[in-house]
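Engineer: Take a look at this one; I'll ask things after.
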Amino acid sequence: MCANDENESLADRVDATVREVLSEAIECDSGMYNYAILFNSNVSPDWYVVLFFRDGSSLEDSLENGFSNWVYRLLTGRLPRMCDGRQVRISFDAGPFPSDETEYRQLLDRHSVTFDPENDEEGRATVCIRCGHAFNPHRLLGGLGEKSYPEEGWMRCPEEGCYCFGTWSVGYICPPGLDGDGLRCPSKACYGRIAFVEEDPSFWGCGECGNVWFELEELYLDIEDISERHDYRDRVYVKTPYRVAPVVSGVEPADYDELVRKEWEVD
Ligand SMILES: [Zn+2]
Ligand SMILES: [Zn+2]
Ligand SMILES: [Zn+2]
-3 MCANDENESL ADRVDATVRE VLSEAIECDS GMYNYAILFN SNVSPDWYVV LFFRDGSSLE
57 DSLENGFSNW VYRLLTGRLP RMCDGRQVRI SFDAGPFPSD ETEYRQLLDR HSVTFDPEND
117 EEGRATVCIR CGHAFNPHRL LGGLGEKSYP EEGWMRCPEE GCYCFGTWSV GYICPPGLDG
177 DGLRCPSKAC YGRIAFVEED PSFWGCGECG NVWFELEELY LDIEDISERH DYRDRVYVKT
237 PYRVAPVVSG VEPADYDELV RKEWEVD
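Note that my numbering has the sequence shown beginning at -3, numbered continuously upward.
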């Protein structure tokens, strides 16, 4: 559990990180000019960082040309690790900056809402969990880097005035309808793989350590937690806003099992 004083020092660190990234962003003359950090344990265990743009058109430009994505990745790379699998969620806004407690609360409500996932028969998302609009018309955008095709990027909702933001990447295998199956087990020192077990109730389990998860979300939270602890753990998962999937096996660190086994010796 996070004690209250831990929350306070965490708030300071989150604030310092966002301030630092914002000052870099301001130099780029993107229209990003301010931020709000929102936390209310009655609403969500997560923290919300909302980055504000001067107006809708500068935010649209920034979503389109990848600037928002660049800021998002800078922040996720620098923000402190949260405990208990909680997350700092980053989003963008062009509305009026909140000026009193009610407006801060409304802003948090707006940015913490998620929509229930809905899938078609093949397991593809039909609704965007961020904005609630149909998922299919969302465009997947990406920068090219060194490859001739993008391997990761961000998405963009075509609805007017919608600024939902999420990132995506490729290189994962995930049989439709079998979310969670084949993932590396997130338990300490365990390098087993998760299997989906269709019983009543169904669950996800690791044959190696015997741990079970009855909710996919719980499994994802444990994955999030262990990924933040160890880089080699992070590298065996591909995370999109909708699911966590295993990387194709050739991409895992060669000494993965060895590194995981050593976790008994640390913390
Ligand atoms: Zn939308
Ligand atoms: Zn959306
Ligand atoms: Zn295990």
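C-beta atoms are modelled at their ideal positions from N, C-alpha and C, and glycine is treated no differently.
The model shown is predicted, which means the values in this text are computed figures rather than measured ones.
So what's D11 in DSSP terms, helix, strand or just coil?
Structural biologist: Three-state DSSP puts D11 in a helix.
Engineer: Please determine whether the Cβ atom of E155 lies at a distance below 7 angstroms from any heavy atom of ligand 1.
Structural biologist: True, at least one ligand heavy atom lies under 7 angstroms from that Cβ.
Engineer: If I measure Cβ to Cβ from H129 and keep anything under 7 angstroms in the same chain, skipping five residues before and after, which residues do I get?
Structural biologist: Counting only Cβ-Cβ distances below 7 angstroms, and skipping sequence neighbours, we find C153, E155 and C158.
Engineer: Can you name the residues that DSSP bridges to K235?
Structural biologist: Answer by DSSP bridge pairing, in chain order: V240.
Engineer: Between which two residues does the beta strand (DSSP E) harbouring L75 extend?
Structural biologist: That residue, L75, is in no beta strand (DSSP E); it is neither H nor E in DSSP.
Engineer: DSSP puts V84 in a beta bridge; with which residues?
Structural biologist: BP columns for V84 point to W43.
Engineer: Would you kindly work out how many angstroms separate the C-alpha atoms of R225 and G73, rounded to a whole number?
Structural biologist: Near 13 angstroms, if we compare the C-alpha coordinates of G73 and R225.
Engineer: In the segment 150 to 209, which residue ranges form an unbroken beta strand (DSSP E) of at least 3 residues, counting only runs that do not cross its ends?
Structural biologist: Counting only runs of 3 or more, we get 163 to 165, 190 to 193 and 199 to 202.
Engineer: Alpha carbons only, please: which of G27, F88, D218 and I190 is nearest the one belonging to M78?
Structural biologist: Checking every option, the nearest Cα to that of M78 belongs to D218.
Engineer: Does R50 pass the burial test, meaning 16 or more other C-beta atoms within 10 Å, or should it be called exposed?
Structural biologist: Exposed, by the Cβ-count rule.
Engineer: Excluding the 5 residues preceding and the 5 following L18 in the sequence, name in chain order all residues of the same chain whose CB lies nearer than 6 angstroms to its CB.
Structural biologist: Here the set comprises Y31.
Engineer: Near V10, what residues of its chain come up, given a Cβ to Cβ distance below 8 angstroms and the 5 sequence neighbours on each side ignored?
Structural biologist: Answer for V10: I33, W43, V45, L75, P76 and V84, listed in chain order.
Engineer: Since E30 sits in a beta bridge, which residues does DSSP pair it with?
Structural biologist: Note on identity: in this sequence residue 30 is Asn, with Glu being the wrong assignment. Answer by DSSP bridge pairing, in chain order: F48.
Engineer: Expressed to the nearest angstrom, what Euclidean distance is found between the alpha-carbon atoms of N61 and F192?
Structural biologist: Whole-angstrom Cα-Cα distance: 39 angstroms.
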